[in-house]
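*Asks:* Residue numbers (the numbering used here), protein chains in the order written: chain A, 8 to 363; chain B, 8 to 363.
Every residue gets a Cβ at the ideal spot worked out from N, C-alpha and C, and that includes glycine.
Computed from a predicted structure; not experimentally measured.
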Ligand SMILES: [Mn+2]
Ligand SMILES: [Mn+2]
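1) Of all the options A:166, A:120, A:91, A:230, which has the alpha carbon lying nearest to the alpha carbon of residue 359 (chain A)?
2) Applying a beta-carbon distance threshold of less than 7 Å, which residues of chain B neighbour residue 197 (chain A)?
3) Per the DSSP calculation, residue 290 (chain B) is bridged to which residue(s)?
4) Can you pull the chain B residues whose beta carbon is under 7 Å from the beta carbon of residue 220 (chain A), in chain order?
5) For residue 311 (chain A), decide whether its Cβ has a neighbour in chain B, counting only Cβ atoms nearer than 8 Å.
6) If you measure from the CB of residue 99 (chain A), is any heavy atom of ligand 2 nearer than 7 Å?
7) Since residue 259 (chain A) meets chain B, which of its residues come closer than 9 Å, beta carbon to beta carbon?
8) Is residue 120 (chain B) closer than 8 Å to residue 97 (chain B) when the C-beta atoms are compared?
9) Is residue 150 (chain B) buried or exposed, if buried means 16 or more other CB atoms sit within 10 Å of its CB?
10) Verify the CB distance criterion: does residue 108 (chain B) have a CB-CB separation below 8 Å to chain A?
11) So what does residue 199 (chain A) bridge to, in DSSP terms?
12) For residue 102 (chain B), go through chain A and note every residue whose CB falls closer than 7 Å to its CB, in chain order.
13) Per DSSP, what kind of secondary structure is residue 76 (chain A) in: helix, strand or coil?
14) Measure from the C-beta of residue 330 (chain B) to each C-beta in chain A and report whether the shortest distance is under 8 Å.
15) For chain A, is any of its Cβ atoms less than 8 Å away from the one on residue 167 (chain B)?
16) Among the residues of its own chain, which have a CB less than 7 Å from the CB of residue 34 (chain A), if the five just before and after it don't count?
17) Looking at residue 326 (chain B) and ligand 2, is the gap between the Cβ and the nearest heavy atom below 7 Å?
18) For residue 257 (chain A), report the span of its alpha helix (DSSP H) as first-last.
19) Could you tell me which of B:223, B:347, B:310, B:194 sits nearest to residue 283 (chain B), measuring between CA atoms?
20) Within 8 Å, do at least three Cβ pairs link the stretch 267-274 of chain B to the stretch 247-257 of chain B?
21) In chain order, what residues of the stretch 169-195 of chain B put their CB closer than 7 Å to some CB of chain A?
22) Rounding to the nearest angstrom, what Cα-Cα distance links residue 302 (chain B) and residue 309 (chain B) in this structure?
23) Just tell me which of A:190, A:287, A:168 has its CA closest to the CA of residue 154 (chain A).
24) Can you say whether residue 87 (chain B) is buried or exposed, counting buried as having 16 or more other CB atoms within 10 angstroms of its CB?
25) Within the same chain, show all residues whose beta-carbon is closer than 7 Å to that of residue 116 (chain A), passing over the 5 residues directly before and after it, in chain order.
26) List in chain order: all unbroken beta strand (DSSP E) runs of 3+ residues lying wholly within the stretch 154-232 of chain B.
27) Below 8 Å CB to CB, which residues in the same chain sit around residue 78 (chain B) once its five sequence neighbours on both sides are set aside?
28) By Cβ distance below 6 Å, which residues in the same chain neighbour residue 332 (chain A) in space, the five residues on each side in sequence not counted?
29) Could you pull the DSSP bridge partners for residue 51 (chain A) from this structure?
30) Find the nearest neighbour of residue 210 (chain B) within the set B:201, B:234, B:345, B:220, judged by alpha-carbon distance.
31) Whether or not the stretch 201-219 of chain A and the stretch 337-352 of chain A are in contact is what I'm after, with contact meaning three or more pairs of Cβ atoms, one per stretch, closer than 8 Å; do they touch?
32) If we count the other Cβ atoms within 10 Å of its Cβ and call it buried at 16 or more, is residue 127 (chain A) buried or exposed?
33) Return helix, strand or coil for residue 283 (chain B), following the three-state DSSP convention.
34) In whole angstroms, give me the CA-to-CA distance for residue 318 (chain B) and residue 258 (chain B).
35) How should residue 260 (chain B) be labelled, buried or exposed, when 16 other C-beta atoms within 10 angstroms of its C-beta is the threshold for buried?
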């Protein structure tokens with residue numbers, strides 16, 4: 008949670024009298040309230056407070072911000088007291104909710120994008136700690152999953168055991184449905200986990216994260232089930248080299264897209280860059296995918312451009328991959344904290360070739 | 008999925024040349040596509056088709072509607088061909104996405120609410136079948152959970168075993184995080200499952216649902232762990248009577264709010280109506296909570312008013328509850344299909360007093 012002073016400066020910078028925050032991850036960031044989808048934060052020059060409804064009588068205790076538990080008409084009365092220019096989160100707020108707000112408070116409603124996300128770019132020590140705890144749990148789940156990888160076991164069974172393990176061990180849950188992609192399915196970067204059974208001689212890609220205190224982790228390993236040779240093994244070592252070259256480049260002041268470019272160059276030297284069909288990495292925090300983007304398109308396209316240059320306190324994944332259609336795929340993903348001197352690895356698993 | 012003719016009539020009734028559907032449950036309803044959060048449906052006088060992106064090369068196979076797999080600029084080109092009045096889903100579409108659409112297609116964008124939800128009110132036989140399968144799985148999970156209810160077991164462990172059971176047995180997942188609320192926590196209707204351990208002499212409320220083929224189920228039982236007497240046992244039988252009175256009333260042509268009122272009257276006769284702090288029930292389908300609402304406020308407030316009168320093919324819960332602050336609570340929830348003659352119970356568990 009940023010100091011109140013930062014929030015006042017934010018209003019000033021945006022030329023706003025107030026900011027009405029509805030995106031759950033931003034509400035959680037500002038308040039710590041664990042039911043952010045049923046709450047909002049109203050930020051004014053007098054300060055910030057949480058708004059929620061009578062389903063949450065204990066909001067005051069669960070929120071770091073002062074909380075107001077309001078019925079619908081009480082909330083309308085409160086909003087009708089707003090004056091001047093009031094910002095809303097344009098990428099999140101549905102049109103009908105904006106119309107309802109306009110009716111309750113006939114002020115100038117001003118679309119904003121990325122205002123709170125910009126504050127979330129650099130993680131505070133307690134945020135890094137939550138991500139670290141999530142990653143530690145995910146690594147234990149990964150070790151557990153390795154014991155299950157046998158021919159005949161279905162991908163979805165492995166994914167289910169990972170989720171169960173994470174929750175049993177105290178995570179709020181998996182940060183996202185675990186990916187277990189074996190054999191030819193490894194060529195689909197967003198494959199999920201299917202009914203397919205693992206077979207000997209296949210690569211298996213495991214991409215998983217845990218959620219702790221609202222914060223996510225994210226990492227990937229690709230392991231061989233039995234003997235695997237040929238183009239997939241070559242791809243593995245190309246991906247590994249791309250990963251390590253990219254990690255070497257990361258430090259404060261480096262452009263996010265330059266890190267992506269470095270990994271792509273390594274793959275290009277092996278003729279594999281056209282099989283690397285996604286971005287190199289992304290920020291991780293209250294969202295699994297957040298700014299900054301380590302991407303060739305970093306700074307392009309619509310939306311706010313956050314994190315174009317790396318700074319200490321950012322937490323990002325570095326995850327090159329090679330996807331050979333009809334053959335299979337490899338992805339290796341590390342989770343790193345950008346530090347003053349370069350990086351600290353938050354993922355601590357060995358990353359070399361591993362045959363089970 | 009409604010016949011194409013119904014969709015054409017919908018456009019005509021709304022006075023629209025096209026309708027751009029973004030709410031995932033509506034996209035799934037129209038197309039069957041299992042990744043509806045990454046897709047839209049465009050409905051024009053020529054027909055309906057699914058739009059998605061290159062992450063889903065197999066969309067054509069996975070969608071009942073013709074599918075177009077488009078890159079961003081291809082989608083922009085397609086939308087730029089729109090003419091006339093084009094509806095969008097105001098309760099779902101974020102303001103920024105509407106602005107982007109306006110830029111791609113300078114037509115008259117018209118807010119609509121509840122257009123597809125209205126079609127979803129009456130379930131087709133195959134939809135009822137999916138809900139039935141979900142409910143059957145949930146009932147098996149309930150029986151499994153009963154074997155776990157012992158003093159010392161934490162609520163969250165029971166909830167986790169329910170989720171695991173559901174997925175292991177083939178559900179897409181739990182329809183919502185299972186509620187396991189014991190002792191005084193039973194007084195919180197939306198309590199979730201906590202670290203609290205069960206104790207002898209408590210009531211335990213289990214509220215759970217499964218998801219199958221996109222469709223949810225939802226049901227609740229409250230059971231006694233050991234000996235429970237006094238006001239909670241009295242509340243149980245009052246809730247049971249309220250439930251059964253409400254079930255008797257349900258048939259086509261009855262107002263949804265009259266069913267709610269009937270249950271409230273029964274509780275009032277026992278002086279317990281002020282402890283019944285939520286609506287009597289809700290529709291169930293692709294969403295756990297959808298229209299119709301069996302509620303005193305049915306037909307009031309903002310938003311479209313769908314399902315004010317019950318019709319054959321609607322699937323609703325009936326779930327009276329009594330919540331005694333600081334003491335505990337009781338809720339019993341049945342899942343029913345409205346038929347020509349009255350109801351068919353989709354939930355088949357015994358609903359009487361059960362002490363473990
Ligand atoms: Mn990732
Ligand atoms: Mn319910």
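*Replies:* Checking against the coordinates, here is how it stands:
1) Relative to residue 359 (chain A), the option among A:166, A:120, A:91, A:230 whose CA is nearest is A:230.
2) Those are 62, listed as they occur along chain B.
3) B:297, B:323.
4) Residue 220 (chain A) does not reach chain B, its nearest Cβ partner there being about 14 Å away, counting only Cβ pairs nearer than 7 Å.
5) The beta carbon of residue 311 (chain A) sits no closer than 8 Å to any beta carbon of chain B.
6) No; taking the cut-off as 7 Å, the Cβ of residue 99 (chain A) has no heavy atom of ligand 2 nearer than that.
7) Those within 9 Å of residue 259 (chain A) in chain B number zero; the least Cβ separation is about 31 Å.
8) It is a contact, given that the beta carbons lie within the stated cut-off.
9) Under this definition residue 150 (chain B) is an exposed residue.
10) Interface residue (Cβ-Cβ distance to chain A less than 8 Å): residue 108 (chain B) is not classified as such.
11) According to DSSP, residue 199 (chain A) bridges with nothing at all.
12) Listed along the chain, the chain A residues whose CB falls inside 7 Å of the CB of residue 102 (chain B) are 97, 100, 102, 105, 118.
13) If DSSP states are grouped into helix, strand and coil, residue 76 (chain A) belongs with the strands.
14) Residue 330 (chain B) has a beta carbon lying at 8 Å or more from every beta carbon in chain A.
15) Chain A contact via Cβ: present.
16) 28, 40, 43, 46, 47, 48, listed in sequence order.
17) Answer for residue 326 (chain B): yes, Cβ within range of ligand 2.
18) Going by DSSP, residue 257 (chain A) is part of no alpha helix (DSSP H) at all; its letter is neither H nor E.
19) Among B:223, B:347, B:310, B:194, the Cα nearest to that of residue 283 (chain B) belongs to B:194.
20) Yes, they touch.
21) For the stretch 169-195 of chain B, which is checked against every Cβ of chain A, the residues closer than 7 Å are 171, 174, 175.
22) Residue 302 (chain B) and residue 309 (chain B) have their C-alpha atoms some 14 Å from each other.
23) Nearest Cα to residue 154 (chain A) within the set A:190, A:287, A:168: A:168.
24) For residue 87 (chain B), the number of other beta carbons within 10 angstroms of its own is below 16, and it is reported as exposed.
25) Once the five neighbours on either side are set aside, the close Cβ partners of residue 116 (chain A) are 93, 95, 105, 108, 109.
26) 186-189, 209-215, 217-219, 226-232, all fully within the stretch 154-232 of chain B.
27) Taking residue 78 (chain B) as the centre and dropping the five residues before and after it, the same chain places the C-beta of 60, 61 closer than 8 Å to its C-beta, in chain order.
28) Taken in chain order, the residues that qualify are 194.
29) The partner list for residue 51 (chain A) (beta bridge, DSSP) reads A:25, A:54.
30) For residue 210 (chain B), the closest alpha carbon among the candidates B:201, B:234, B:345, B:220 is that of B:234.
31) Put simply, the stretch 337-352 of chain A touches the stretch 201-219 of chain A. At least three CB pairs are less than 8 Å apart.
32) Result: buried.
33) Of the three classes helix, strand and coil, the one that applies to residue 283 (chain B) here is coil, per DSSP.
34) Inter-residue distance for residue 318 (chain B) and residue 258 (chain B) is about 7 Å (C-alpha atoms, whole angstroms).
35) The C-beta of residue 260 (chain B) has fewer than 16 other C-beta atoms within 10 Å across all chains shown, which makes the residue exposed.
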